[in-house]
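> Residue numbers (my numbering), protein chains in the order written: chain A, 503 to 812; chain B, 503 to 812. By construction, the Cβ of each residue, glycine as well, lies at the ideal position given by its N, Cα and C atoms.
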């Protein structure tokens, strides 16, 4: 069974929330670790509603400093204080968000929070590796919006192959050899017989990837960065009929999101951040699907798996 | 038919919202004018969901500066900007809220809002008339909480009686006499017959009143201020089993809310602001009803009419 790599949509409206859609927020579960991406007003409510444990969220990524992407942060932090959080909370955002948040904390006379807020300033000039461990890397990359704005690329690391347990036994492979075999070595038995590596291991599943392109106009520079991504979430605020409005406000149409997905060779495209003028995003979705059939208009509370792009 | 005087609950959780309850917010409709009382995170979402026109809300009352009572304000203001509001927006709150809000507006580089934000600082030392016109008065009054906190009393004005139309005709009453008759005068016909006032008018319905007691410990000083109120909303964060906790945190139990209602001679009691520890506020409600039977535990999205306390 594959380890989870999936995205749960908490909010998918654009700047003006509707009765049915909250402002932008989503939770990405990568191998059991949970990452909050954007944190519009009401995010903590949606987290509870979707039964995601607050205690599992240690990293928050804020794409840019328009209110619909971060007004929920102070409520989230306040609730962490009430819950008695002690673990560090990492926030990847524009450096100015630290000043804003500190002002709020001081104003509210919260005193010592009981946990560390660790701010990681984003780079809005070029792609940057912002998180990297044995299993996962996260890269931020600049988008093109009215104010500095970043997308985020989450990539699983290449995994070692799994040793076939029955072979361990039948060839009496010593434990010290396992590391070499996982790294690709053959094994020579006591009798001098060489067992080729391919008979000893099962290849691991291919690493998967997810990219979130928050508010942005159509922007070809992101294509090489998100090349071959398995799941792409790209904003699609407008239909083609409002293309001029999209340009003026530095947003994308569904069709433009689809062109980006197609040129990048994405496996699947999610679109969201719909303008409140559309009761249903049907037209935006149809225009996107004409260019990139494997497109879904996100619904709040839905979870989308990141599957390997074949 | 009576003109509307009714309260719609938008949020009724305490500091920590739950999956089912938003932080404090409610809309009071007095004779077709809408007043927003407290503005926790998610209020604008709840306003839309309950189909209350943003354009009808010109007055916001913020009881105190704990986040669960005002974190939704900046989102509300941002949405007013997006909607192209031009009318003044009046905010009755602690004077410090202006500094906080201005910091946010400056940070967001909103520029000119297109409308005036008019801040009215509350008095936390004594009751104060904060809004007064021909039909309505609003009085703030100090509660007893960890930080300065006010309740609000909304009172309809005494209305003039209505002239019986058929008498206007049969006694040939000149228009210039109507004002005097409404003020209580008898009428003398051309033939010198005195028609007593009571035969000429139908008394207006009695003025109604609503009081909101936001976060507060049990506080007898408020009783004379809210005496005979028709509808009282009093916080009831805890059950009696958590009475010690209620004291420490300057909150009330359901029973204490009910004692206040009983001593004040209220017509009906609404309780809310329930601690997240209670899945259902059944115990709090039962304890309140034992003291004051006409008690209701509020539900979000419900509207409660303010009816004259007989």
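1. Residue 622 of chain B bridges to which residues according to DSSP?
2. Closer than 7 angstroms, CB to CB, is residue 517 of chain B near chain E or not?
3. Do the CB positions of residue 669 of chain A and residue 638 of chain A come within less than 7 angstroms of each other?
4. Considering Cα atoms alone, identify which of B:556, B:585 and B:803 is closest to residue 779 of chain A.
5. If you reduce the DSSP assignment to three classes, tell me which class residue 609 of chain A lands in.
6. Between residue 510 of chain A and residue 805 of chain A, is the Cβ-Cβ spacing less than 7 angstroms?
7. Let me know if residue 797 of chain A comes out buried or exposed under the rule of 16 or more other beta-carbons within 10 Å of its beta-carbon.
8. Which residues bound the alpha helix (DSSP H) around residue 513 of chain B?
9. Please list, in chain order, all residues of the same chain as residue 470 of chain B whose beta carbon is under 8 angstroms from its beta carbon, the five residues on each side excluded.
10. Can you give the Cα-Cα distance for residue 589 of chain A and residue 733 of chain B, rounded to whole angstroms?
11. Could you tell me whether the Cβ atoms of residue 771 of chain B and residue 794 of chain B are closer together than 7 angstroms?
12. Count the other C-beta atoms from every protein chain shown that fall within 10 angstroms of the C-beta of residue 597 of chain B, then say buried if there are 16 or more, exposed otherwise.
13. Looking at residue 602 of chain B and residue 654 of chain A, is the spacing between their C-beta atoms short of 7 angstroms?
14. Would you mind listing the alpha helix (DSSP H) stretches within the segment 535 to 565 of chain B that are 4+ residues and don't spill past its ends, in chain order?
15. Is residue 685 of chain A buried or exposed, if buried means 16 or more other CB atoms sit within 10 Å of its CB?
16. Do residue 563 of chain B and residue 587 of chain B have their C-beta atoms closer together than 7 angstroms?
17. Taking Cβ to Cβ, would you say residue 810 of chain A is nearer than 7 angstroms to residue 507 of chain A?
18. Counting only Cβ-Cβ distances shorter than 7 angstroms, please list the residues of the segment 559 to 593 of chain A near chain B, keeping chain order.
19. How far does the alpha helix (DSSP H) with residue 770 of chain A in it extend, from its first residue to its last?
20. Rounded to whole angstroms, what's the CA-CA distance from residue 530 of chain B to residue 727 of chain B? Just pull it up for me.
21. Is residue 707 of chain A close to chain B? Criterion is C-beta to C-beta, closer than 7 angstroms.
22. Straight-line CA distance for residue 537 of chain B to residue 807 of chain A?
23. Would you call the segment 652 to 666 of chain B and the segment 622 to 640 of chain B touching, i.e. three or more CB-CB distances under 8 angstroms?
24. Please determine if the segment 743 to 759 of chain B and the segment 715 to 725 of chain B are in contact, where contact requires at least 3 C-beta pairs separated by less than 8 angstroms.
25. Out of B:735, B:599, B:606 and B:613, which has the shortest C-alpha to C-alpha gap to residue 620 of chain B?
26. Locate the alpha helix (DSSP H) running through residue 672 of chain B, then write down its first and last residues.
27. At 4 residues or longer, what runs of the alpha helix (DSSP H) sit wholly inside the segment 748 to 801 of chain A?
28. Could you tell me whether the Cβ of residue 804 of chain A comes closer than 7 angstroms to any Cβ of chain B?
29. Based on DSSP bridge pairs, tell me the residues matched to residue 448 of chain B.
30. Is the shortest distance between the beta-carbon of residue 647 of chain A and the beta-carbons of chain B less than 7 angstroms?
31. Compute the beta-carbon to beta-carbon distance between residue 569 of chain B and residue 580 of chain A, rounded to the nearest angstrom, for a pair I have assumed lies under 8 angstroms.
32. Anything in chain A within Cβ reach of residue 547 of chain B, meaning under 8 angstroms, just list it in chain order.
33. Taking only beta-carbon positions, decide if residue 745 of chain A is within less than 7 angstroms of chain B.
34. Show which residues of chain B have a CB atom less than 9 angstroms away from the CB atom of residue 535 of chain A.
35. Taking only three categories from DSSP, how would you classify residue 632 of chain A?
On the basis of the coordinates in this document:
1. DSSP lists B:594 as the beta-bridge partner residues of residue 622 of chain B.
2. Absent from the structure: chain E. Protein chains present are A and B.
3. no
4. Of B:556, B:585 and B:803, the smallest CA-CA separation from residue 779 of chain A is found for B:585.
5. helix
6. Remark: C-beta atoms of residue 510 of chain A and residue 805 of chain A approach each other more closely than 7 angstroms.
7. buried
8. Premise fails: residue 513 of chain B lies in the beta strand (DSSP E), 507 to 513, not in any alpha helix (DSSP H).
9. Here chain B covers residues 503 to 812 and nothing more, so residue 470 of chain B does not appear.
10. 45 angstroms
11. yes
12. With fewer than 16 other beta carbons inside 10 angstroms of its own, residue 597 of chain B counts as exposed.
13. Contact: no.
14. The segment 535 to 565 of chain B contains these whole alpha helix (DSSP H) runs: 545 to 551.
15. exposed
16. no
17. no
18. 569, 573, 574, 576, 577, 580, 581 and 584
19. Per DSSP, residue 770 of chain A belongs to no alpha helix (DSSP H); it is in the beta strand (DSSP E), 770 to 774.
20. 19 angstroms
21. no
22. Cα-Cα distance, rounded: 44 angstroms.
23. yes
24. Touching, yes.
25. B:599
26. 667 to 672
27. 756 to 766 and 784 to 793
28. no
29. Because residue 448 of chain B is not part of the residues shown, which for chain B are 503 to 812, the question remains open.
30. no
31. 5 angstroms
32. 519, 521, 524, 543 and 544
33. no
34. Within 9 angstroms of the CB of residue 535 of chain A, no CB atom of chain B is found; the nearest one sits about 23 angstroms away.
35. Strand at residue 632 of chain A.
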